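> Under the UniProt record's numbering, think of the first position of the sequence shown as 1, with each following residue one higher.
Here's a structure for you.
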Amino acid sequence: MSWDFHDIKVGQIVNVQAYKHNGFLYRQWTNAKLLFHNKRHLVLSLKGSRVIENIKGRKGWSYTDDALWFIPKDSFYNTIMMLRSGAKCYYINLASQPIYEDNTIKFIDYDLDIKHYPNKELQIVDKEEFETNAKKFNYSKIMKLTILNEIQNLIGIYNNDAYFFNDSIIDYYLDLMHQDKLLSDAKYHEYKQNKHQSYLEESQMFKMLRRFGKKPYHK
Numbered sequence: 001m002s003w004d005f006h007d008i009k010v011g012q013i014v015n016v017q018a019y020k021h022n023g024f025l026y027r028q029w030t031n032a033k034l035l036f037h038n039k040r041h042l043v044l045s046l047k048g049s050r051v052i053e054n055i056k057g058r059k060g061w062s063y064t065d066d067a068l069w070f071i072p073k074d075s076f077y078n079t080i081m082m083l084r085s086g087a088k089c090y091y092i093n094l095a096s097q098p099i100y101e102d103n104t105i106k107f108i109d110y111d112l113d114i115k116h117y118p119n120k121e122l123q124i125v126d127k128e129e130f131e132t133n134a135k136k137f138n139y140s141k142i143m144k145l146t147i148l149n150e151i152q153n154l155i156g157i158y159n160n161d162a163y164f165f166n167d168s169i170i171d172y173y174l175d176l177m178h179q180d181k182l183l184s185d186a187k188y189h190e191y192k193q194n195k196h197q198s199y200l201e202e203s204q205m206f207k208m209l210r211r212f213g214k215k216p217y218h219k
């Protein structure tokens, strides 16, 4: 069942809350800005957003990295993409579909996360926490299968350079951040330069392969 998001507007400053399966509010984000909203998903800018941890011993912190948060409405995950030194770093939360009430986007966190950093493959983390909480909170068989199937979907998205792994899509939302002065000129151009450089390196590699293919083979 999809939640009614008709009250949320582009440009609005919203909060986000992550709960555990037992209803415990363990993390909050304040002052996130809604960059984009359609029937498929919400996209937030987290630059300057404050994170409040509700677990003893953990301190709150603020986002200093430029970050986009993709929150699909009908999927069981959400994804934070951060720019670090002009490169894209991903943190994917396996979670319930979001709801929206009282100026707050809310979801249940289902422990498993997927990380992806430049020049590295996808990494699934917090598997032990998922297994522990599945027993502790009695996750249903359907929920566990849903989360595991969503991981397979995310691997497919990654392998096909789709959605938030697609450079053109990221470019579009970074352009929105830049236009909205949420992304500095320096950071924006650093990202563009790094992207251009990676394309040059890849093009150079293919040129070398083509030259190699034209050379006669000798034993």
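Every residue gets a Cβ at the ideal spot worked out from N, C-alpha and C, and that includes glycine.
Bear in mind the structure is a predicted one, so any value in this text is a computation, not a measurement.
#1: In three-state terms, what does DSSP make of PHE165?
#2: Using CA coordinates, which residue listed in VAL51, ALA87, PHE164, GLN17 is at the minimum distance from LYS120?
#3: Relative to the C-alpha of ILE92, which residue among TYR158, ASP167, LEU174 is closest?
#4: Count the C-beta pairs between the stretch 43 to 52 and the stretch 124 to 138 that are closer than 8 Å, then say yes if the count reaches three, no if not.
#5: According to DSSP, simplified to helix, strand and coil, what is ASN138?
#6: Per DSSP, which one or two residues make a beta bridge with MET81?
#7: DSSP beta-bridge partners for THR30?
#8: Roughly how many angstroms lie between the CA atoms of LEU42 and LYS136, to the nearest whole one?
#9: Quick test of the definition: if touching needs 3 or more C-beta pairs under 8 Å, does the stretch 31 to 42 touch the stretch 59 to 74?
#10: Could you tell me the boundaries of the beta strand (DSSP E) in which HIS21 lies?
Walking through what the data contain:
#1: Reading the sequence shown from its first residue, position 165 is the one you call residue 165. Residue state, collapsed to three classes: helix.
#2: Taking the sequence shown and counting its residues from 1, the one referred to as residue 120 is at position 120. With distances taken between Cα atoms, LYS120 lies closest to ALA87.
#3: What you label residue 92 is simply residue 92 of the sequence shown in a count that begins at 1. Cα-wise, what sits closest to ILE92 is TYR158.
#4: By the Cβ test, the stretch 43 to 52 is not in contact with the stretch 124 to 138, since fewer than three Cβ pairs between them sit closer than 8 Å.
#5: Counted from its first residue, the sequence shown places residue 138 at position 138. Three-state result, ASN138: coil.
#6: Working through the sequence shown from its first residue, we reach residue 81 at position 81. DSSP, once it has assigned bridges, lists LEU68, TYR90 as partnering MET81.
#7: Here residue 30 corresponds to residue number 30 of the sequence shown, with the count starting at 1. Its beta-bridge partners are ARG50.
#8: On the sequence shown, residue 42 is found 42 positions in, with the first residue counted as 1. On the sequence shown, residue 136 is found 136 positions in, with the first residue counted as 1. Straight-line Cα distance between these residues: approximately 31 Å.
#9: Judged by pairs of C-beta atoms under 8 Å, the stretch 31 to 42 touches the stretch 59 to 74, as three or more such pairs exist.
#10: By one-based count along the sequence shown, residue 21 stands at place 21. Taken as a continuous stretch (DSSP letters only), HIS21 belongs to no beta strand (DSSP E), as it is neither H nor E.
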